[in-house]
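*Asks:*
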Amino acid sequence: MVVEKIFKDEATEEKGERARLASLIGGMAIADLVKTTLGPKGMDKILQSTGRGHEVTVTNDGATILKSLHIDNPAAKILVDISKVQDDEVGDGTTSVVVLAGELLREAEKLLASKIHPMTIIAGLFQASGFAMLPVFPHLLALTFCYCWFRMAAECARNALLQKVVDNKENEEKFKSDLMKIAMTTLSSKILSQDKEYFAKLAVDAVMRLKGSTNLESIQVIKKPGGSLKDSFLDEGFILDKKIGVGQPKRIENAKILVANTAMDTDKVKIYGARVRVDSMSRVAEIEAAEKGKMKEKHADFDGIERLALVTGGEIASTFDNPESVKLGHCKLIEEIMIGEDKLIHFSGVEMGQACTIVLRGASRHVLDEAERSLHDALCVLSQTVNDSRVLLGGGWPEMVMAKDVDELARITPGKKSHAIEAFSKALIAIPTIIADNAGLDSAELVAQLRAEHHKEGVLKELMSSLDLLEIWLSVGFRSIQS
């Protein structure tokens, strides 16, 4: 019997060992690409676009690196999607989640190479698969014939972390201290690491103004070249990156603000002229006085006017057919300010009281772009921690806590399934190992010490003069590890 071809001419099909190998290699290659950026001593990567201008980006942000890649391998694309989801949901840990996924694939390859039947692996790894900790792995492992990995082990790991979390939300002073530690941990591997305490305070102050909200739209970040990074500051108000026009008032108190997304040019009036009829000269004086009390700003970028409408409580008008229905924004003071050599418009006393602006200063555009990405990660993590206030130690400590409990689970699990659970433990230990390798340390020695004393120390012990993690401020939000 002849089987007719069911795929189109341009379609290709891979199955069996070839398909499994392609998926494994693709996933591991992506993990190997970004693992050198992991940890406080991780290296930056230089990315050059292939488009017009060949724009250069210098970054160690995992999500930024992976979004810039052109990838055909389906497993590799899934890892990129994992990183994007982590960035959207938590803001940090974009590199760690990809590295962990790559290590899980590496351990799976070893199990297959040991002639363990795929169905046996599936049975063991099904025990070790936890959607609570690793929600995206079922999709990855469907490609490698290992659907539903590591359920029992991941649940075991999650329970181990739940027993170690600290929650100081009831104590405002301690909770703010926890937020500072988390922000500093996030910034430790970024371009802002030299001034991490300063920028951590900026980020914490900005997030605390949100009063529990996770809407970061009310926190604006403006980049202005010039000065040093430490010249950056937090302003309690909204700053529009435009200057006031010639002949317009430079200061208005108790202002009503109309935000319009429609043409307001007077070019036709200037060219063809216009005729205004009034019944007395006093009306002309009133019109002139009203014009002098108005400030007009044209051609602001759409992101700027959207944010302006949000913080002032107004609505964006797209037509003036019914002007009385347009909701106006309000603020106590509009004035022109100078930042460096640039003039900007400052709105203070806005209706959204928690609105604020972080002004970043730096020597070049590349420095400012990377500083913005770093600060964004810190703001995202802090906003999530405000809602889920559970905190863990960092520096490889959570991975070792989880690995210890998973090892215990593997020890009491009979049969070949225990190999799959043990593989999960090995993948977890790879995280502190890579952090140590990137720092130029003896990872084998440090991980052995960490395994012995994981309950009080992290992998960065020698780098930080043998101080306890609580003293060196290496803390992470539970949500970052859980995700």
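For the sequence shown, the working numbering begins at 624 and goes up steadily by one.
Even glycine gets a Cβ: it sits at the ideal position worked out from N, Cα and C.
Note that the structure is predicted; figures quoted are calculated from it, not measured.
1. At the level of alpha carbons, what is the spacing between A652 and C779?
2. Nearest-angstrom Cα distance between K638 and D704?
3. Just to confirm, are V1014 and V789 a CB contact at a threshold of 8 angstroms?
4. I'd like the span of the beta strand (DSSP E) that includes F861, first residue to last.
5. Taking buried to mean at least 16 other C-beta atoms within 10 Å of its own C-beta, is L1086 buried or exposed?
6. If you draw a straight line from the alpha carbon of T809 to that of I867, how long is it in whole angstroms?
7. By DSSP's criteria, F1047 is part of a beta bridge. Which residues make up the other side?
8. Please name the residue in L833, A806, M831, V830 whose C-alpha comes closest to that of Y821.
9. Just the C-alpha distance for L1065 and A1075, rounded to the nearest angstrom, thanks.
10. Assign F1047 to one of two classes, buried (16 or more other C-beta atoms within 10 Å of its C-beta) or exposed (fewer than that).
11. Residues in the same chain with beta-carbon distance under 7 angstroms from G972, minus the five sequence neighbours each way, listed in chain order, please.
12. What whole-angstrom Cβ distance do A686 and G650 have, given they're in contact under 8 angstroms?
13. Please identify the residue among E958, L983, S851 whose C-alpha is closest to the C-alpha of E876.
14. Who are the Cβ neighbours of N945 in its own chain at under 6 angstroms, not counting the five residues just before and after it?
15. Given a cut-off of 8 angstroms on the beta-carbon distance, is the pair F798 and K792 in contact?
16. If you follow the alpha helix (DSSP H) that T808 is part of, which residue opens it and which one closes it?
17. Rank A829, H677, A736, I960 by C-alpha distance to the C-alpha of V1009 and give the top, closest one.
18. Flag this pair as touching only if the segment 978-992 and the segment 852-861 have three or more C-beta atom pairs under 8 angstroms; answer yes or no.
19. When the Cα atoms are used, what is the spatial distance from A1062 to L670?
20. Put A1062 into one of helix, strand or coil per three-state DSSP.
21. Could you check whether G937 and L951 sit closer than 8 angstroms to each other, using their CB atoms as the reference points?
22. On the premise that S997 lies in contact with L815, defined as a C-beta separation below 8 angstroms, what is that separation, rounded to the nearest angstrom?
23. Is it the case that the segment 723-737 contacts the segment 1032-1051, given that we only count it when at least three CB pairs across the two stretches are under 8 angstroms?
24. Whole angstroms is fine: what's the gap from K707's alpha carbon to T942's?
25. Does V789 come out as helix, strand or coil in the three-state DSSP assignment?
26. From the DSSP output, in three-state form, read off V949 for me.
27. By the DSSP assignment, the alpha helix (DSSP H) with V982 in it spans what residues?
28. Within a Cβ cutoff of 6 angstroms, which residues of the same chain sit near V949, ignoring the five residues on either side of it in sequence?
29. What is the DSSP secondary structure of K1084, counted as helix, strand or coil?
30. By how many angstroms is the C-alpha of A1059 removed from the C-alpha of R1034?
31. Any idea if Q709 is buried or exposed, counting beta-carbon neighbours within 10 angstroms, 16 or more meaning buried?
32. By how many angstroms is the C-alpha of D992 removed from the C-alpha of T680?
33. Tell me, please, which residues DSSP counts as bridged to T682.
34. Span of the alpha helix (DSSP H) holding V1004?
35. Kindly indicate which three-state DSSP category G927 falls into: helix, strand or coil?
36. Is G835 closer than 8 angstroms to R984 when the C-beta atoms are compared?
*Replies:* In this structure, then:
1. 29 angstroms
2. 23 angstroms
3. yes
4. 861-863
5. Interpretation of L1086 is limited by its pLDDT of 42, a score under 50 that renders its predicted location unreliable; the figure taken from the coordinates is listed afterwards. Counting Cβ neighbours within 10 Å, L1086 comes out buried, since at least 16 surround it.
6. 38 angstroms
7. Note: F1047 sits in no beta bridge, so no partner.
8. A806
9. The sequence as given places Asp at residue 1065; Leu does not occur at that position. Distance between the alpha carbons of D1065 and A1075 is about 16 angstroms.
10. buried
11. C954, K955, L956
12. Between G650 and A686 the Cβ distance is about 17 angstroms, and since that is not below 8 angstroms, they are no contact.
13. E958
14. none
15. yes
16. 795-810
17. A829
18. yes
19. 22 angstroms
20. coil
21. yes
22. 5 angstroms
23. yes
24. 37 angstroms
25. strand
26. coil
27. Here V982 belongs to no alpha helix (DSSP H); instead the beta strand (DSSP E) covers 979-985.
28. A940
29. Any reading at K1084 needs caution, since the residue's pLDDT is 44, under 50, leaving its predicted position unreliable; the model's value is listed next. Reduced to three states, the DSSP call for K1084 is coil.
30. 27 angstroms
31. buried
32. 8 angstroms
33. K668
34. 988-1010
35. helix
36. no
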